[in-house]
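Let me begin by presenting the structure, written as C-alpha cells, before commenting on it.
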Amino acid sequence: MPKITFISSKDIRYEVDAASGLSAMQAAVDNAVPGIDADCGGNAACGTCHVYVDAAWIGKTGPARPGSELQMVQLTDDSRANSRLACQITLSDELDGMILRMPQGQH
Amino acid sequence: MALQAIQSDIASSIPLDRFDVSDPELFVRDALEPYFARMRREAPVHYCKKSAYGPYWSVTKFNDIVAVDTNHQVFSSDVSVGSFVLDDTTLNPVDGGIYLPNFLGMDPPTHDVHRMAVSPIVAPQNLMNFEPIIRTRTRKVLDSLPVGEVFNWVDCVSIELTTMMLATLLDFPFDERRRLTRWSDIVTTRPGYGLVDSWEQRERELRECAAYFQELFRQRKLAQPKTDLVSMLAHSPAMQELGPDEFLGTLVLLIVGGNDTTRSSMSGGALAHHLYPREFDKVKANRSLIPNMVSEIVRWQTPIAHMRRTALIDFEFRGQKIKKGDKVVMWYLSGNRDEEVIERPMQFIADRPRARHHLSFGFGIHRCLGNRLAEMQLRVLWEEIMERFSRIEVVGEPVRVPSNLIHGFIDLRVRLYK
Numbered sequence: 116m117p118k119i120t121f122i123s124s125k126d127i128r129y130e131v132d133a134a135s136g137l138s139a140m141q142a143a144v145d146n147a148v149p150g151i152d153a154d155c156g157g158n159a160a161c162g163t164c165h166v167y168v169d170a171a172w173i174g175k176t177g178p179a180r181p182g183s184e185l186q187m188v189q190l191t192d193d194s195r196a197n198s199r200l201a202c203q204i205t206l207s208d209e210l211d212g213m214i215l216r217m218p219q220g221q222h
Numbered sequence: 026m027a028l029q030a031i032q033s034d035i036a037s038s039i040p041l042d043r044f045d046v047s048d049p050e051l052f053v054r055d056a057l058e059p060y061f062a063r064m065r066r067e068a069p070v071h072y073c074k075k076s077a078y079g080p081y082w083s084v085t086k087f088n089d090i091v092a093v094d095t096n097h098q099v100f101s102s103d104v105s106v107g108s109f110v111l112d113d114t115t116l117n118p119v120d121g122g123i124y125l126p127n128f129l130g131m132d133p134p135t136h137d138v139h140r141m142a143v144s145p146i147v148a149p150q151n152l153m154n155f156e157p158i159i160r161t162r163t164r165k166v167l168d169s170l171p172v173g174e175v176f177n178w179v180d181c182v183s184i185e186l187t188t189m190m191l192a193t194l195l196d197f198p199f200d201e202r203r204r205l206t207r208w209s210d211i212v213t214t215r216p217g218y219g220l221v222d223s224w225e226q227r228e229r230e231l232r233e234c235a236a237y238f239q240e241l242f243r244q245r246k247l248a249q250p251k252t253d254l255v256s257m258l259a260h261s262p263a264m265q266e267l268g269p270d271e272f273l274g275t276l277v278l279l280i281v282g283g284n285d286t287t288r289s290s291m292s293g294g295a296l297a298h299h300l301y302p303r304e305f306d307k308v309k310a311n312r313s314l315i316p317n318m319v320s321e322i323v324r325w326q327t328p329i330a331h332m333r334r335t336a337l338i339d340f341e342f343r344g345q346k347i348k349k350g351d352k353v354v355m356w357y358l359s360g361n362r363d364e365e366v367i368e369r370p371m372q373f374i375a376d377r378p379r380a381r382h383h384l385s386f387g388f389g390i391h392r393c394l395g396n397r398l399a400e401m402q403l404r405v406l407w408e409e410i411m412e413r414f415s416r417i418e419v420v421g422e423p424v425r426v427p428s429n430l431i432h433g434f435i436d437l438r439v440r441l442y443k
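Going down the list, the protein sequences come from chains A and B.
Quick note, the first sequence lines up with residues 116 to 222 if you use the working numbering.
Quick note, the second sequence lines up with residues 26 to 443 if you use the working numbering.
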C-alpha cells in the first residue's frame, strides 16, 4: 500500500495511505486533503487536482501526458514542467513515498 | 403545481421527434424538466429537425455532456464553423446579428494564448485582493434593503452586486456601470423579447459599447499597466493583434461571462432559500457549509442552460450519426438533473456530498474562467445574508428570462425578515 504525501502551498503536510490502482486524486479526496477539488471526478477535464510532482519522483510518474491532461495543465495558472493532474497519476508500490505539492489555489 | 402537471403531461404525450427544447417560451414557463427527463430516458442524444435556430442535436446526460465538452477535436467552438451558442445571431453576422469573435469561440492554439492573457485576473491568488471590497459592497447593498417590504431581488441585489464587481474588474467608470448591465443583456437577446425593438437597435448599442471601450483601451494603453482587465488587454503582447471585431467580441464575452451568470445564481439562491428554508437553517447552524451550499446553488440554478458545439467531421456518438456541420447542444441544465450521476437531483441539498461535481461551469479547455470569482462573490453574499436575515419570502411568480442560454430571472419579488 503506497504512502503519498501532499504538501500545501503553506507547507502543511498530509500523509495518506492509498491502495495501488487508485489515482492520486482519489487518494486525496478519500482522505479529505484540502486543496484537491477534483470537480470533474477524474476525467482530466477541469484542472482542479493540479499538483507539482517532487523532483525525485517525476522520473517515475513521467510528465503530463499529451492530450486532455497536457491541455488542461497548460491552461492552469503557474503551470510548470512537473505539473500533473493528480487524477491521471495511478498509484503503485513503485510510487510509495511520493511527494506531491499543491498550488496556492485550484482554478 | 397544476401547471407543472400539465407540462409533464404534454412532455409525456407528444412524440419525441417533435421535441424542441430550445423554445424560449419553455424557459419562461420553467417547463423544461419534464422534456429533459424524457429525453434522458428515451433519447439522450436527440435530433430536432426544425427550430427557430435550425436543426440541432441535444445531449442531455451528464457523462455524455462531459464527453462532448472535452472532445474539441470533433466538437468545435470555433466561430469559423459555427458558434458556441445555439442561436447563430448572438455572435455571428447572420440574420441581423453582428460578428463578435472571442476566445470562447476559438479552438487551440489561438484559444490558449488569448485565454491565458485574461486568466491571471481571476486566478485564486489574485481574487484574495478583491475579497475585502466585495464584502464591503455586499454589506452596504444588504443593509440598504427595505426589510418587510416587497422589492425586486434581481435588480436590488443580483444586478447591483454583479455589475459593481464587473465595473471593478474592468475599472469602468463606476457611476455609469449600469451601461454594462444593459450591454450584457442585449448581447444575448433578439428583437421581440422585450429588450430591443430591432436588429438595428441592438447593433447600434453594441457599437456604442465598442466605441466606449475603445476609448478606455486607448487611455489605458497610454498609461502604466494596471491590474484591471482593460489595461491587461491593452498591455498584453498576445492581444495586440486584436481587430475591432475581436476587441468587441472579447469584451462582450467578459461582460456576459462576469455578469449574467453570477446574477442568475444570486437570484436562484434567493428562490432556493424560499423553497428549502430547512436547508438554509442547516447552513446557518454550521457556516462552514457555505462553500458547499454555493456549489449546490450553482448546480441547482445552472445559470448557463447550454453551450453548443459544431461537428467538424461525421461522428457516431451513442449510436447516433452526427454529420459534419451539425449543431450539437450540451444542455447543462439537463445534465445537472441526471439522476444517474446526481442523487435526488431535483432537490436542493445544502450539504450535498461532492457538490462541486456539476456541469454549470462546463468542462475541458473552455471551462468557465471566472468560476472562482463567482464562487467567492456568492460565498460572501451568503455569509452576509446569514448575518442579517432569517427568511427570504418570494412573493408571486418569478419572471424568467426568455432565453435558452441565460437561465435566470428578470423579476423576483421578495420580502425579507430580520
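Glycine residues also receive a C-beta, built at the ideal position from the N, C-alpha and C atoms.
Examine chain A for any beta-carbon lying closer than 9 angstroms to the beta-carbon of residue i, and answer yes or no.
{"i": "PRO370/B", "result": "no"}
{"i": "VAL147/B", "result": "yes"}
{"i": "LEU152/B", "result": "yes"}
{"i": "ARG404/B", "result": "no"}
{"i": "ASN396/B", "result": "yes"}
{"i": "PRO133/B", "result": "yes"}
{"i": "ARG379/B", "result": "yes"}
Output the boundary residues of the beta strand (DSSP E) element that contains residue i.
{"i": "LEU215/A", "result": "214-216"}
{"i": "TRP325/B", "result": "Element bounds for TRP325/B: not the beta strand (DSSP E) but the alpha helix (DSSP H), 315-326."}
{"i": "ASP132/A", "result": "128-132"}
{"i": "ARG416/B", "result": "416-419"}
{"i": "THR193/B", "result": "Per DSSP, THR193/B belongs to no beta strand (DSSP E); it is in the alpha helix (DSSP H), 185-195."}
Starting from the Cα of residue i, find the closest Cα among the options and give me that residue.
{"i": "ALA263/B", "options": "PRO134/B, LEU406/B, ARG65/B and GLY282/B", "result": "PRO134/B"}
{"i": "VAL147/B", "options": "GLU408/B, LEU394/B and ASN429/B", "result": "LEU394/B"}
{"i": "VAL46/B", "options": "GLU67/B, SER38/B, GLN29/B and TYR81/B", "result": "TYR81/B"}
{"i": "ILE151/A", "options": "ASN158/A, THR163/A and ASP145/A", "result": "THR163/A"}
{"i": "TRP208/B", "options": "LEU231/B, TRP224/B and MET189/B", "result": "LEU231/B"}
{"i": "ILE435/B", "options": "ILE35/B, SER292/B, PRO118/B and ARG343/B", "result": "SER292/B"}
{"i": "PRO216/B", "options": "LYS74/B, ASP112/B and LYS75/B", "result": "ASP112/B"}
{"i": "HIS222/A", "options": "PHE388/B, ILE431/B and ARG438/B", "result": "PHE388/B"}
{"i": "PHE238/B", "options": "SER76/B, ARG43/B and LEU279/B", "result": "LEU279/B"}
{"i": "MET190/B", "options": "PRO157/B, VAL221/B, TRP178/B and VAL212/B", "result": "PRO157/B"}
{"i": "ARG392/B", "options": "ILE31/B, PHE128/B, SER76/B and VAL119/B", "result": "PHE128/B"}
{"i": "GLY212/A", "options": "ASP169/A, ALA201/A, HIS165/A and SER198/A", "result": "ASP169/A"}
{"i": "LEU384/B", "options": "CYS202/A, CYS161/A and GLU209/A", "result": "CYS161/A"}
Of all the CB atoms in chain B, is at least one closer than 9 angstroms to the CB of residue i?
{"i": "ASN146/A", "result": "no"}
{"i": "ASP154/A", "result": "yes"}
{"i": "LEU137/A", "result": "no"}
{"i": "GLY220/A", "result": "yes"}
{"i": "MET187/A", "result": "yes"}
Could you tell me the boundaries of the alpha helix (DSSP H) in which residue i lies?
{"i": "PHE155/B", "result": "149-168"}
{"i": "HIS97/B", "result": "From DSSP, HIS97/B is part of no alpha helix (DSSP H); its letter is neither H nor E."}
{"i": "THR275/B", "result": "269-282"}
{"i": "CYS234/B", "result": "224-247"}
{"i": "GLN186/A", "result": "183-189"}
{"i": "LYS443/B", "result": "It is not in any alpha helix (DSSP H) - LYS443/B carries neither H nor E in the DSSP assignment."}
{"i": "ALA336/B", "result": "From DSSP, ALA336/B is part of no alpha helix (DSSP H) but of the beta strand (DSSP E) over 331-336."}
{"i": "TYR72/B", "result": "Where TYR72/B is concerned, there is no enclosing alpha helix (DSSP H), although the beta strand (DSSP E) it sits in stretches over 70-73."}
{"i": "LYS309/B", "result": "302-310"}
{"i": "PHE61/B", "result": "57-67"}
{"i": "GLN345/B", "result": "From DSSP, GLN345/B is part of no alpha helix (DSSP H) but of the beta strand (DSSP E) over 345-347."}
Verify the CB distance criterion: does residue i have a CB-CB separation below 9 angstroms to chain C?
{"i": "HIS165/A", "result": "The structure shown has no chain C; the protein chains it does contain are A and B."}
How would you list, in chain order, the residues of chain B whose beta-carbon sits under 8 angstroms from the beta-carbon of residue i?
{"i": "ALA160/A", "result": "VAL91, ASP94, THR95, PHE388, GLY389 and ARG392"}
{"i": "LEU190/A", "result": "ASP137, ARG140, MET141, SER144 and ILE390"}
Give the secondary structure of residue i by DSSP, where H, G and I count as helix, E and B as strand, and everything else as coil.
{"i": "LEU200/A", "result": "strand"}
{"i": "CYS393/B", "result": "coil"}
{"i": "SER83/B", "result": "strand"}
{"i": "ARG203/B", "result": "helix"}
{"i": "THR163/A", "result": "coil"}
{"i": "PHE52/B", "result": "helix"}
{"i": "LYS175/A", "result": "helix"}
{"i": "MET21/B", "result": "With chain B covering 26 to 443 only, the question about residue 21/B has no answer from this structure."}
{"i": "VAL175/B", "result": "strand"}
{"i": "PHE128/B", "result": "helix"}
{"i": "VAL424/B", "result": "strand"}
Please compile the residues from chain A whose C-beta is within a distance smaller than 9 angstroms of the C-beta of residue i.
{"i": "HIS382/B", "result": "ALA153, ASP154, CYS155 and GLY156"}
Give the interface partners of residue i over in chain B, defined as CB-CB distance under 7 angstroms, in chain order.
{"i": "SER183/A", "result": "THR95"}
{"i": "GLN203/A", "result": "Here the premise fails: no neighbours, minimum Cβ distance about 13 angstroms."}
So with CB distances below 9 angstroms, who are the chain B contacts of residue i?
{"i": "GLN141/A", "result": "Under the 9 angstroms cutoff, chain B gives no residues; its nearest Cβ is about 12 angstroms from GLN141/A."}
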